[in-house]
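Report on the following structure.
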Amino acid sequence: MDKTRQYELVRWLKQQSAPARRWLRLSMLFGLISGLLIITQAWLLASILQALIMDNIPRGTSWINSGCWRQPLLCGQ
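Residue numbers (our numbering): 320 to 396.
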């Protein structure tokens, strides 16, 4: 392949990459958000299981509605 053809192809590839860059960054952002939501979900599930199994809180109590699951997060405990 001669140099002029190679230069034209490289320039064409750079032109094609510009519009795709926005979608790639958006995809990376959604992946990051998804990962953070999975970590949050795992933390909430672990908090519920901790309360039910280790702390022996009965299932009938409305400790989730009272907000006591937020205390360790908000109070730093």
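The beta carbon of each residue, even a glycine, is placed where N, CA and C say it ideally should be.
The alpha-carbon separation between Q360 and A337 amounts to approximately 36 Å.
Distance between W331 and G354, taken at the CA atoms: about 35 Å. In this structure, DSSP gives R378 a state outside helix and strand, which the three-state scheme calls coil. Collapsing the DSSP output to three states places M373 in a helix.
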